[in-house]
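Notes follow the structure.
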Amino acid sequence: MTAGDAIINIRNVTKRFGGLLALDDVSLSVAPGERVVIIGPSGSGKSTLLRTINRLETIDSGKIVVDGFDLYRPGVDIARVRQELGMVFQSFNLFRHKTVLQNLTLAPVKLKNMSKEKAERVALDLLDKVGIRDKASCYPAQLSGGQQQRVAIARALAMNPKIMLFDEPTSALDPEMIGEVLDVMVALAREGMTMVVVTHEMGFAREAADRVVFMDAGKILETGTPEHFFKNPEHPRLRQFLSQIL
Amino acid sequence: MRRKPRSAGRGENLLPADAFYDSKADRMPEPEEKKSISIGDGAAIPTHADSGLFTAWRIAFVGALFAFGYLIVVHPDPYARIVRFLPDGILVTFEVTFASIGIAMVIGLFTGLGRISHNRAVNLLASTYVEVVRGVPLLVQLFYIYYALGHFVKINDMVSAIIAMSVCYGAYMGEVFRAGIESIDRGQTEASLSLGFSRHQTMFYVILPQALRTILPPVGNEFIALLKDTSLVSILAVSDLLRRGREFASTTFMYFETYTMIAIIYLIITLLLSKLVAFMEERLSRYDRR
Numbered sequence: 521m522t523a524g525d526a527i528i529n530i531r532n533v534t535k536r537f538g539g540l541l542a543l544d545d546v547s548l549s550v551a552p553g554e555r556v557v558i559i560g561p562s563g564s565g566k567s568t569l570l571r572t573i574n575r576l577e578t579i580d581s582g583k584i585v586v587d588g589f590d591l592y593r594p595g596v597d598i599a600r601v602r603q604e605l606g607m608v609f610q611s612f613n614l615f616r617h618k619t620v621l622q623n624l625t626l627a628p629v630k631l632k633n634m635s636k637e638k639a640e641r642v643a644l645d646l647l648d649k650v651g652i653r654d655k656a657s658c659y660p661a662q663l664s665g666g667q668q669q670r671v672a673i674a675r676a677l678a679m680n681p682k683i684m685l686f687d688e689p690t691s692a693l694d695p696e697m698i699g700e701v702l703d704v705m706v707a708l709a710r711e712g713m714t715m716v717v718v719t720h721e722m723g724f725a726r727e728a729a730d731r732v733v734f735m736d737a738g739k740i741l742e743t744g745t746p747e748h749f750f751k752n753p754e755h756p757r758l759r760q761f762l763s764q765i766l
Numbered sequence: 140m141r142r143k144p145r146s147a148g149r150g151e152n153l154l155p156a157d158a159f160y161d162s163k164a165d166r167m168p169e170p171e172e173k174k175s176i177s178i179g180d181g182a183a184i185p186t187h188a189d190s191g192l193f194t195a196w197r198i199a200f201v202g203a204l205f206a207f208g209y210l211i212v213v214h215p216d217p218y219a220r221i222v223r224f225l226p227d228g229i230l231v232t233f234e235v236t237f238a239s240i241g242i243a244m245v246i247g248l249f250t251g252l253g254r255i256s257h258n259r260a261v262n263l264l265a266s267t268y269v270e271v272v273r274g275v276p277l278l279v280q281l282f283y284i285y286y287a288l289g290h291f292v293k294i295n296d297m298v299s300a301i302i303a304m305s306v307c308y309g310a311y312m313g314e315v316f317r318a319g320i321e322s323i324d325r326g327q328t329e330a331s332l333s334l335g336f337s338r339h340q341t342m343f344y345v346i347l348p349q350a351l352r353t354i355l356p357p358v359g360n361e362f363i364a365l366l367k368d369t370s371l372v373s374i375l376a377v378s379d380l381l382r383r384g385r386e387f388a389s390t391t392f393m394y395f396e397t398y399t400m401i402a403i404i405y406l407i408i409t410l411l412l413s414k415l416v417a418f419m420e421e422r423l424s425r426y427d428r429r
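Sequence order for the protein chains is A and B. Take the first sequence: its letters are residues 521 to 766, numbered as in this note's numbering. Take the second sequence: its letters are residues 140 to 429, numbered as in this note's numbering.
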């Protein structure tokens, strides 16, 4: 794959937190429609890497081009780029003062000048898709974690983004709720959404990923298909990691 | 002066900013706790959660009403006469309070935003304002604006009283706004930014509406504290409740009776207001309920 085809192109990115090298000369490209899953131990830099893709983190050197926009070039309209990038957080981050429906309609109405009626129609369709239409008038605090995360996915989709970023979407959930969120993500993957997912769910990686990336200590150590990854892991660090979690 | 421990307590008692999370480590989401800011100065807010205080509020309120009624009915002279003399003063007290709190909230909003601004100059300006105002007693500020500024420009008594109260409370209100804004989880900002909202839009659509709920109790508190502090304007030529009482007492020499009535009236007003704040607080917290 050449850099020109990629919708996300990360080139030689380095980032430090104080003395710690969080990202160490990382390069990664994602093609349109591709599902990339990033795995790795805690503190390996995988969440940081994901967050640099919509500039929630600063970087010290390197270059990231998303959908044709050079993210860290001064003067880039970052808000415009972020409209194309849906993001789902570990801690859901639903707007606590808004109902589920209002969480979904706020951005399309304010940022895309969509009429309230149309935004609500779209929102209800999305809530149908994630299976919680009946909770449309609830406040986030009234929902379970799994329900909140599904609303968060629907909220990101309401902006009709080209890319979806998931930052450990199931790590804060009780085990019995993980499945409902993963189901929504798998369905999204089947529809052809471009996805970059940081997760510990190897089942999801196996089922939905086109490519799996293993990170440790701020470096990408191995990249490959799920097949290759789980059957013939090469790097000793990856073998050790897999033996610990599988 | 009672203002001193108050200003010392401010800032430290406010919620810690949860800005210092560690984004590189795998973060666990914060538990969905109810955020609140506790500054105990205006009046105690009687919520149902605090049953002891709720009962205390009832005792104080019923007691004050009873004392008021008893004095007027059993000793109409001089108490009924005093009460008939005071309504103008109550009106002025409320006028000064409402005008000052309104202006103070606007000043406070901008000061609070200034205090968290990334713009060095704006931040420094807001912080300096807060420091200076917090360091000068309200009574001195009142004298200063009334007499010192009156030297150069002719300002009406009432207006200078309102300016002084607003400037003073604007600084305190700024700290309340700042703490309220900083108490909102950083994830809310990140979620909003990631949807494509600008920093300003994020502040106005996402952060401030939530901060407003968090700061309502302290703002209500400030309101009540301000109402009580308006009694200071009686030393200027503003005929507020206390000043009217002094006028009555100085002609009749009934100091004890007059100030008893004044105290009861202030108490009834502040108790009613603290109840109102509690009611609003419960209404606004509906989305936190499960």
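Using N, Cα and C, we set each Cβ at its ideal position, and we do this for glycine too.
Own chain partners of B:V377 with C-beta closer than 8 Å, once the 5 adjacent residues on each side are dropped: V231, V235, D296, M297, A300
Between B:T399 and chain A, is there a C-beta pair that is closer than 7 Å? no
For A:K583, the first and last residue of its enclosing beta strand (DSSP E): 581–586
Cβ shell of A:G539 (< 7 Å), same chain only, five flanking positions each side left out: none
Assigned exposure category for B:H257 - 16 Cβ within 10 Å defines buried: exposed
Per the contact definition of three or more C-beta pairs closer than 8 Å, is the segment 554–564 of chain A in contact with the segment 703–723 of chain A? yes
Within its chain, find whatever has a CB closer than 7 Å to the CB of B:E172; leave out the 5 residues flanking it on each side and keep chain order. Low per-residue confidence applies at B:E172: pLDDT is 49, beneath 50, and the placement is therefore not dependable, though the value from the model is reported in the following sentence. Taken in chain order, the list of residues that qualify is empty.
So, with DSSP's three-state summary, where would you put B:N262? helix
Cβ closer than 8 Å: which chain B residues qualify as neighbours of A:L605? S333
Around the Cβ of B:F392, are there at least 16 other Cβ atoms within 10 angstroms (buried) or fewer (exposed)? exposed
Please list, in chain order, all residues of the same chain as A:R670 whose beta carbon is under 8 Å from its beta carbon, the five residues on each side excluded. V650, G651, I652, E700, V701, V704
Close Cβ partners of B:L248 (< 7 Å) along its chain, the five nearest in sequence each way excluded: F316
Whole-angstrom distance between A:Q667 and A:A661, CA atom to CA atom: 10 Å
Mind reading off the beta-carbon distance from A:P753 to A:L762? Whole number of angstroms is fine, and I expect it under 8 Å. 6 Å
Quick one: does B:E329 have its CB under 7 Å from some CB of chain A? yes
The segment 591–599 of chain A touching the segment 573–583 of chain A, judged by at least three CB pairs closer than 8 Å: yes
Using the Cβ count rule (16 or more neighbours within 10 Å means buried), how would you classify A:R616? buried
Could you compute how far the alpha carbon of A:V655 sits from the alpha carbon of A:T625? The question names Val, yet the displayed sequence has Lys at residue 655 of chain A. Going from the Cα of A:K655 to the Cα of A:T625 covers about 15 Å.
Under 9 Å from the C-beta of A:S664: neighbouring residues of chain B: Under the 9 Å cutoff, chain B gives no residues; its nearest Cβ is about 10 Å from A:S664.
By how many angstroms is the C-alpha of B:L415 removed from the C-alpha of B:A133? Outside the displayed range of chain B (140 to 429) lies residue 133 of chain B, so it cannot be described from this structure.
Could one say the Cβ of A:F724 lies closer than 7 Å to chain B's Cβ atoms, at least one of them? no
Residue interval of the beta strand (DSSP E) (run including A:F802): Residue 802 of chain A cannot be examined here, being either before or after the span of chain A that is shown, 521 to 766.
Any alpha helix (DSSP H) of 4 or more consecutive residues that is wholly inside the segment 535–600 of chain A: 566–572
Is A:G665 close to the ligand COA? I mean its beta-carbon at under 6 Å from any heavy atom of the ligand. With respect to the ligand COA, the structure shown offers nothing to examine, as it has no ligands at all.
According to DSSP, which residues form a beta bridge with A:M732? Note that residue 732 of chain A corresponds to Val in the displayed sequence, not to Met. A:V732 is bridged to A:V557, A:G744.
Going by the CB atoms, is the gap between A:Q760 and B:G335 shorter than 7 Å? no
For A:M684, the three-state DSSP class (helix, strand or coil): strand
Suppose the cutoff is 7 Å on Cβ atoms and the five residues either side in sequence are ignored; what does the same chain contact list for B:I403 look like? A203, A206, F207
For my contact list, B:E329 and B:V269 are in at a C-beta cut-off of 8 Å; report their separation, rounded to the angstrom. At roughly 28 Å, the Cβ-Cβ gap does not stay under 8 Å, so B:E329 and B:V269 are not in contact.
Between the beta-carbon of B:A303 and the beta-carbon of B:L281, is there less than 7 Å? yes
Closer than 7 Å, CB to CB, is A:L548 near chain B or not? no
Top-ranked residue by Cα proximity to B:P217, from B:M419, B:G384, B:Y283, B:Y286: B:G384
In whole angstroms, give me the CA-to-CA distance for B:T267 and B:T353. 25 Å
Which chain B residues are close to A:M679, counting only those with a beta carbon under 8 Å from its beta carbon? L334, G335
So which residues of chain A does B:P348 contact, with C-beta pairs closer than 7 Å? H617
For A:G738, which option in A:I584, A:L621, A:G563, A:I530 has the closest C-alpha, if you only look at C-alpha atoms? A:G563
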